[in-house]
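Numbering (the numbering used here), first residue to last: 280 to 545. Ideal Cβ placement from N, Cα and C applies to all residues, glycine included. Only one structure is covered here, and it is reproduced in the block below.
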Amino acid sequence: MVDIAIAQFAPGSDKQDNLGRIAKFAEEAAAGGARVLAAPEYAMFTVPTMDERFVDSAESLDGEFVTGLREIAARHRLTLVAGINEAIPGERRIFNTLVAVAPDGGIAAAYRKLHLYDAFGYKESDFVQAGSIGEPETFTVDGVTFGMQTCYDLRFPEVTRRIVDSGADVLVLPAEWVPGPLKEDHWTTLVRARAIENTIYVAAADQSAPAGSGASMIVDPMGVVIASLGERVGTAIGTVSPERIAEVRAKNPALSLRRFGVVANQ
């Protein structure tokens, strides 16, 4: 079994302040026995309106912010997942990137958001470039395999299914789930649906108000919420059990009974 943590907060425009808050959450998570901590999407930098400031804030994967994440992960001996604004050389757009930093300070996996939030009156693609489709990157902690996806990707079930087909037991889902009519209901429904239909754990770390809807949670393969934060800023810890995954899949062998696969559309 592996204890994992989610962190919920409202990142701002001060990258060092955001890093300091992540460090505090990592300390809390490690003190509670967590081996993995997930922070929200855009944990590096967020302002109320998506504009050129997101581009101006961007850094490379070997930049100051990720270097800080590496130091935090090494200090607390855990794997740290967080959303960053990744610079694209020569472009006035960024990648919306998740990095998983291992306890040795190395980057265990990276994920660039595939489905951009061009919905509900937003146009993320004005400032963000979608990641290219490739084999999902995963990382392993104590024999448990983790995959990653971001926020709006949650509305596309084939993204999670490809991650599960790559061997993931847990989906780490950082988000800035923008509030709005029925949006929190969509969030809680879809997080649980991805867990239930794939018989995996989902660790969903959302931003808190004002930019995010909150309601960060860890859901087990039967759709049971085992840890949650509601509207609170802070951390919550849940236990991932391979035995629980096996138990659920014995009751509901949906993955082995399915008759369709997922083919990437380039």
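Counting along the chain, Arg434 sits inside no alpha helix (DSSP H), nor does DSSP assign it H or E at all. The alpha-carbon of Gly362 is positioned some 33 Å away from that of Ser535. Ranked by how close their Cα comes to the Cα of Gly299, the residues Thr467, Ala322 and Ala309 have Ala322 in first place. Per DSSP, Gln295 is one residue of the alpha helix (DSSP H) stretching across Lys294 to Ala310. In the displayed model, Leu359 falls within a strand according to three-state DSSP.
Exclusion of the five residues before and after Ala284 leaves Ala308, Ala313, Leu316, Thr514 and Ile516 as the residues of its chain whose Cβ lies within less than 6 Å of its Cβ. A check of alpha carbon separations from Ala409 across Asp296, Ile442, Asn364 and Asp421 identifies Asn364 as the nearest. The stretch 350 to 361 and the stretch 428 to 437 do not touch, with fewer than 3 CB-CB distances between them shorter than 8 Å. The beta-carbon separation of Gln287 and Ser495, rounded to 4 Å, stays under the 8 Å limit for a contact. By the criterion of a C-beta distance shorter than 6 Å, Val541 is surrounded in its chain by Glu437, Arg440 and Arg441, once the five residues flanking it on both sides are discounted.
The straight-line gap separating the alpha-carbon atoms of Ala366 and Glu526 is approximately 43 Å.
Under the three-state reduction of DSSP output, Glu320 falls in the coil class, being neither helix nor strand.
Taking the C-beta atoms as reference points, Ile524 is found nearer than 9 Å to Asp448. Around the C-beta of Ser487, 16 or more other C-beta atoms lie within 10 Å, and the residue is accordingly described as buried. Closest in alpha carbon position to Pro453, among Val378, Val334 and Asn544, is Val378. In the structure shown, Leu469 adopts helical secondary structure according to DSSP, grouped into three states.
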